[in-house]
Structure formats: C-alpha cells, structure tokens
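Chains as they are written, first to last, in the numbering used here: chain F, 1 to 211; chain L, 1 to 211; chain B, 1 to 211; chain G, 1 to 211. Glycine residues also receive a C-beta, built at the ideal position from the N, C-alpha and C atoms.
Protein chains: 4
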Amino acid sequence: MAADTLIAFEPRKTPVQARATVTVESISEATIQVLLGQGAERLTTTRVADRAGVSVGTLYQYFPNKQSLLFAVLEDHLEKVTKVVEDACEHARHKPLSDMIKEVVETFVNAKIARADISVALYRIAPDVGGQALERVTQRMRRAIVRMLESAPEIKSSPDEFAIQMMLAAMSGAMRSVLEAGGSPAMMRKLREHLVLLCQSYMAAITTNLI
Amino acid sequence: MAADTLIAFEPRKTPVQARATVTVESISEATIQVLLGQGAERLTTTRVADRAGVSVGTLYQYFPNKQSLLFAVLEDHLEKVTKVVEDACEHARHKPLSDMIKEVVETFVNAKIARADISVALYRIAPDVGGQALERVTQRMRRAIVRMLESAPEIKSSPDEFAIQMMLAAMSGAMRSVLEAGGSPAMMRKLREHLVLLCQSYMAAITTNLI
Amino acid sequence: MAADTLIAFEPRKTPVQARATVTVESISEATIQVLLGQGAERLTTTRVADRAGVSVGTLYQYFPNKQSLLFAVLEDHLEKVTKVVEDACEHARHKPLSDMIKEVVETFVNAKIARADISVALYRIAPDVGGQALERVTQRMRRAIVRMLESAPEIKSSPDEFAIQMMLAAMSGAMRSVLEAGGSPAMMRKLREHLVLLCQSYMAAITTNLI
Amino acid sequence: MAADTLIAFEPRKTPVQARATVTVESISEATIQVLLGQGAERLTTTRVADRAGVSVGTLYQYFPNKQSLLFAVLEDHLEKVTKVVEDACEHARHKPLSDMIKEVVETFVNAKIARADISVALYRIAPDVGGQALERVTQRMRRAIVRMLESAPEIKSSPDEFAIQMMLAAMSGAMRSVLEAGGSPAMMRKLREHLVLLCQSYMAAITTNLI
DNA sequence: CATGAATGAGGTTTCATTCAT
DNA sequence: TATGAATGAAACCTCATTCAT
C-alpha cells in the first residue's frame, strides 16, 4: 500500500442478493476483529477473509483492494460519530454556550467510548487510508459547530473557524490519548468532565478575549 | 514487523570511531528522507541504505533490525523536544501561572515547528514503534510541568496529574492537526497563540474550579 | 489454460432456439472485442460475458471452458477464409498459371483484409489454441491449390506439395507482418500486388526449374 | 502481463561480481528450458527460478518483472540472428544478385535451425513482449539487405524497401511454419533450398519488372 | 434456462535479514 | 569492516469454474 498512490476506493460491486449483503458485513466486521486481535501489521486480506468465513476471492468481489477495505471500515465509523455530533449540534442550538459545549463534547466522547475498540483499531490505519475522509468529517463537524454557536445568545459575531478546528483537534488528541492507554470507565468519566471544561473555558476565552 | 513481538531496540554497537558516527547519522538522516519522500510503505532498509550511501550490510552493523532504526530516529526527536520543554519548565518556575503556560507551550510549538518535516514523518511510524517511548517522554514532561506548577504563586495544592496529561494530549492533537495539514508560517503563529490561550484558560479553570 | 492438456473443445450444446443463437454470436463477438480492446492477458470469461451482456453462467452453458470459446472464434474465422480460397481455386481451374495464382492470392488477401481486426486478434490466441485447426485448414487449402494447379495447361507433372506449403506459409507471414503493423489501405494494395508477384514468380520457378 | 502497459524492460541491476553473472545466465537459460518443457502458460517466475537453481528473490534482483525476463531472452536471440544476417550482407556485397540472396537466406535459415528450440519457444512469447524488438531487428536487416543490393551489378536503381520487407516477412513465415511443425533435418534442407529459390525469383521479378 | 456469488489454487512481487567474499 | 548477492516466507490479487437460487 503506497502512501501516495491514488487508488479507487469505491466498493467494486453493490450486493444485490441478500446473501451478498451478509457477506459484505461479515467482512467489515472481520476487519475490525483482525485489527484488534492481531494488529495492523498482521492485517492481511487472507486473514480477514478467513475470519469472515469466506474466501479471499469473495472479499475481492466487494473490495477492489486492501485499502478500500480499510477505507470502508474507517468511513463507516467516522460517519457514525459525525452524525451523532451533528445531531447534537442541531439539538443544542439556542442554549447557553456552556450547555452547548457540554452537550457536544459529551456526545462525542460517548460515541467514541461506545466504540472504543474500533476507535483504537482505526488509529492504526487512519494514516494510510484516512487522509481525505478525516478532513471531510472534520469539516462537517466544524460547520455543525459553527452553526450551533451562531445561535448562542452570548455570541455576537460569527466564531473563528480556526478556533473550532483547534477545539476539535484538542478533543481528538485527548480522546486518543486516553483510548490508547486503555482507560478504565472511571478514567473515561474523568476525561469527559475535563474535556467539557477544557472546551468550555477555551470557547469562553475566545468569545470574550480578542485574540 | 510484528506489532507485538518484543525485540531488542537497542543499537547494536555504539560507534567509537568518528567515521562510524558519521555513518550512523547519515543512516538516521536517510530514514527521515525516505519516510518523507516515499512514505512509510516504501521505507525499506535497502532504500534507506542506498539513500545513506552505504550498503545494507553496513546498516545492519549499527541497527539490529528495521524497528530499531525507526525507534532510534523517533527517540532522538522525542528526546530533543522533551529536553527543551523540561528546560523551559525549569526556567519558568516561580513566574505567574499564565507566563508559565505561555513559555512552555511556545517552547513546545517552536520545537515541533523547527522540525516540522521530521514530526510529520514520525507520525506515520509512531504507532508501530513508539508506544513505550511516547509514554516515557509524556511522563517526563508531565513531571516537569507539575514541578513547575508547584512553584506557581497562585497555586495552593498540588495540581491534578490527569489535567496535565489532558493538556499535553490536547497540545499534541492540535499540533499534529496543523502539521499534517502542512500549515503555513502564518497558520503556525495562529496555532501558537491559540494553543497558549487554550492551555491558559484550561489551567486557570482547573486551579480555580473544583472539578 | 495448460498448453498440453487436451480438453474437449466442442461446444457444449448446439443452440436450437433463435434466442440462443443470438446469445452464442454475441459471446463470440464479445470475445473479439475484448481481445482487441484489452489484449490477450485481460481476456477473461467474466469480461467476455459482461461485454456480451450475459452472465458467466450463461457463457458456460454454451462453451465448456475458456479454450473452447477461443477455439470456436478461431475456427469460425479460419473456416470462412478457407472456404473462399477453396472456391477461388475451383473457379480458377484451367486458367493460365499466373491468372490462377493471382486469383487465389487476391482472394486470400481480400478475405484477411475484410476481417483485419479479427485476424490481428487471433494471432494472439492461435498459439494457445489453434495448433490442430491451423494444420487442418492449411491442408485443405493445399489440396485445393494442388487440384487447381493440376488443371493448369503449363504444368505437366503433379506439383511439389512442399512448395505449396512454402507458398502458403510465405503468404501468411507477409500478411501477418502487414496486418500487425496496422497497414493503411494503400499499404494493403501494395501487399496484394507484391504477394501476387512473389507467388507467381515462385510458382513459375518451381515449375520450370528442376529443384 | 498486460499487453499494452509500458513497463521498464531494462535489467534491474548489472552484475558486478562474477557469481552474479553466472546467476543471470542460468536464469536466462532456465527460461528457455521452462518455455520448451512446460509451455508458455506454465512459464512462471517461480518455476524459472527453481529450474535455474536460485530463489525467486534472486531472479527479481536482475529482472524487474516477468516481462523483462522474456524480453531479455528474446532480445538475445534476435540480436544473434540479426548479427549474422548483417555480416552475411556485408560479406556478399558486389557479388551477383542470386549469390547475394543465396548467401543471406542460407545464413538466416542456418541461424534459426541452429537454435531451432529457442526459436520455437520464442514464437509463444513474442506477441506479449516482442513488438518493438521485432520491428527494430527487422529494420536492421532491411537496411543491411538494401545496402547489399545497392552493390549488386545487375541493379541500377535503389531497391523497393517494401519488397525487402515482404521478403523478410515471407522468410519468417516459411521458417516459422517448418520450425513449428518440428521439421526433420531433411525438411530443413528442403526449406533452405526452396526459400533461396523463392527469394531469388521474387527479387529477380522485382528488379526486372516495373511493378 | 439464467444468474451472479462464491471458491481457492496459483500467480507476481517485495523486503527484512544473513553471510561469504 | 564493508559489501551486495542470495534467500524465501509471505503479501496482494486474479480468474476459470461451479452451483444454489
């Protein structure tokens, strides 16, 4: 998998029969299993197919190459997390600023915790496959947050986009750090509290100060 | 490179002659060059040796295996960054809290920017090789920061270690996000300002609030 | 496709319904299209079926294996060319020798030119599949030519069969050379003239000289 | 091996140690052996390496891909045949026309017979790999023959290049036909005589007639 | 009859590592 | 000490063919 070659990531064919749909899902599931159980180095198409209970040939009927397989799994996870964050942003509009932040951050942390294993697994493959996908979802979240903030009573002018980007990056970094350390539930709760505080204080600073 | 096998990462022999030192350094340098120019997938020992102008055999005289090579490069970078941060912490003792944070954050950001290319290159190999090294330097930084904070006039009790960890993780996340996006010098300046603000406001919140 | 295994090349079932005939022909046609468009390496049964607008399963209803498919296409082409050459031989009996040669050679060249693309396509698969078929049609042509020559007024004794074989091989070689070079219509005309002259002078030499 | 993709055919590295030279030659030799013994379909890089008594890895040290291996073997053979034909052309200058043709044709036939097995083997791979190489040697031969003919006492004007091309193609076609039929030595002698006659009479016709 | 999902042996190629020179 | 030829396990991916639906 060359890092810079652009390859078609699109699924090779869309399953039409019910049987095929089951197959595709079992392959995606197996990818995560192998990633968690064996590590990124040992994630081979053959091993994934084995774990999924199908032949390699079948795997390649639906995914044109190894990257597309990883890409699909990553996309799926990012999509789910992004969706709940967008929804939270929509739901929190017009609330007080600190409530907004609390709601969004907690939603994000909860979504990641709920799929902690997948999250950890994907950190390993994201650099190989996730460049554009990550940018895309970051942009979606940023827009959702901007739109939410614009409805905040405390805020006059439109918020600084760079600050939102910063906040998202800080959230991801903190989240990742704890997930990779295999944090306990107690640790996760602490992370959630602190991350809320961190984001609230940063946003408050941004909106009052004139950086 | 199996993810879980523990292999000796220590350099095979320490260069005693001047010529050998030059060789080792040219190999380390070549590793980064190849990583940046060809990507992690195409980073092979043969290619590194070629780029360094030595034979593979020679490479293996100084590094027992590929991992140790990556490890050495990563260690070297982390060591340098950690050192300047530790020094900054020492230097900032007894200053007002916000000055402390400013000094440490700016030192960190400056160090990463100064070696932006290396930083970006290493993000790709860190998951394969850096686990323990990352933890170790994080711990060193955390201790340095704790010691610094304990000398802050505003602070009564010893600061929450978890909060420091959070701050470091947030810093890394934000830093990485901008570096991987290939941020311009202007962007870097903005990052520095915002990161100072983010950390200051978070630390302030931590020390005043009773989370 | 092993080179030496003998497999049944016969079509699996003969189409009786009109619909089936259409299917078989569209498959044959698709084979040539794929061969010309994608090359011999990329000629797969799936691709042929796709191009023909049927499923692989259907393809295998009419052709027991890939070789039989190629064989059928080759046979079809060879049969057509052989037929017109045989007819020309019959038609040219009792004419002067040089007229005979002219008629046969021009008929051959015209037939190949008329299906230039097919000819070129088949050169790629003939070595894999055509051994016996090629021998068979060469023999048929040789016999037709011998019978024609025996009716020539200039010829006393029965002509040398080896010389006929030589002439046919020379014709094929020259024809192939020009077809593979993608010769223009003007080039084709020149080929026709020269090939007539070549064969005429060779035949004249054979019949007069005492080789 | 896609038919249309252009890949570097150049040898990957030139052997510097004596051992390596032996290796390269044993690989080339093995390629021909496998081609003759197992057929084009069963010619795999693994099999060639096995037959050569080296590992696949070694094969790939000297040949960047399968095509380059076939190409090298083909080139080598074509080069040798072309060389003797060029020499014969040079040697036959200023002789009578029919002696010229006799000398060149016999040289060509002898060269092919001397390496009959290689010739037959290469017919199978030429379409996949030989396009340009074949054109190149044909051009070299054509030029050598033209230069020879220009020194013929009987010839006034420069000979028609197309006619030379025709003659070469006819020679190749006849040669191939007999080689692929596995002709006996007696057959080969007959081929040589007839091919001389065919070319002599064609050239005579060309130079006297005004086609 | 037609479909297309599934198979899996087998192909090409890479690359970390060793060791004779 | 340095070299670079050699190794071979193991990776990715293709495709002729079958068979349940």
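- Looking only at G/41, G/123, G/125, G/83, the smallest Cα-Cα distance to residue 111 of chain G is reached by G/83.
- Across the set L/109, L/70, L/71, L/157, the C-alpha of L/109 shows the shortest separation from the C-alpha of residue 88 of chain L.
- The beta carbon of residue 148 of chain G does not come within 8 Å of any beta carbon belonging to chain B, so the residue lies off that interface.
- In this structure the region 160-178 of chain F lies against the region 173-183 of chain L, because at least three pairs of beta carbons, one per stretch, are closer than 8 Å.
- Interface criterion met: the Cβ of residue 197 of chain B is under 8 Å from a Cβ in chain G.
- In this structure, the alpha-carbon of residue 201 of chain L lies about 11 Å from that of residue 208 of chain L.
- Taking residue 153 of chain F as reference, the option from F/92, F/106, F/131, F/172 with the minimal CA-CA separation is F/92.
- Around the beta carbon of residue 172 of chain F, a 10 Å sphere encloses 16 or more other beta carbons of the protein chains shown; the residue is thus reported as buried.
- In summary, the residues of the region 108-128 of chain G whose CB is separated from some CB of chain B by less than 7 Å are 123, 124, 127, in the order they occur in the chain.
- The residue from F/76, F/57, F/151, F/204 with its alpha-carbon nearest to that of residue 95 of chain F is F/151.
- Sixteen is the threshold: since fewer than 16 other Cβ atoms of the shown chains lie within 10 Å of the Cβ of residue 132 of chain F, the residue is exposed.
- Residue 63 of chain B places its beta carbon 8 Å or farther from that of residue 129 of chain B.
- Between the region 114-121 of chain L and the region 46-66 of chain L there are fewer than three inter-stretch CB-CB distances shorter than 8 Å, so the stretches are not counted as touching.
- Membership of residue 127 of chain F in the alpha helix (DSSP H) is indicated by the continuous run 116-129.
- Residue 23 of chain G is classed as buried because its beta carbon has at least 16 other beta carbons within 10 Å across all chains shown.
- Boundaries of the alpha helix (DSSP H) around residue 66 of chain G: 66-91.
- When only Cα atoms are considered, residue 192 of chain G and residue 170 of chain B end up about 13 Å apart.
- Per the C-alpha coordinates, the member of G/20, G/181, G/141 positioned closest to residue 80 of chain G is G/141.
- Rounded to whole angstroms, the gap between the alpha carbons of residue 78 of chain F and residue 135 of chain F is 11 Å.
- The beta-carbon separation of residue 31 of chain G and residue 69 of chain G, rounded to 6 Å, stays under the 8 Å limit for a contact.
- Chain-ordered, the chain G residues with CB closer than 7 Å to the CB of residue 170 of chain B read 170, 173, 174, 198.
- In this structure residue 102 of chain G touches residue 196 of chain G by the C-beta definition: roughly 5 Å separates them, less than 8 Å.
- If you compare the alpha carbons of L/185, L/97, L/139 with that of residue 86 of chain L, the shortest gap goes to L/139.
- Per the C-alpha coordinates, the member of F/187, F/97, F/107 positioned closest to residue 206 of chain F is F/97.
- Counting along the chain, residue 161 of chain G sits inside the alpha helix (DSSP H) bounded by residues 161-180.
- Assigned with DSSP and collapsed to three states, residue 156 of chain B falls in coil, not helix or strand.
- Linking residue 187 of chain F to residue 53 of chain B through their CA atoms gives a straight-line distance of about 59 Å.
- Look at residue 95 of chain G: its C-beta is not under 8 Å from any C-beta on chain B.
- Look at residue 191 of chain G here: in three-state DSSP terms it is helix.
- The Cβ-Cβ distance between residue 74 of chain B and residue 145 of chain B does not fall below 8 Å.
- In the displayed model, residue 31 of chain L falls within a helix according to three-state DSSP.
- Between residue 76 of chain B and the set B/161, B/181, B/25, the nearest pair of CA atoms involves B/25.
- Shown here, residue 143 of chain G sits in a helix according to DSSP, grouped into three states.
- Shown here, residue 208 of chain G sits in a helix according to DSSP, grouped into three states.
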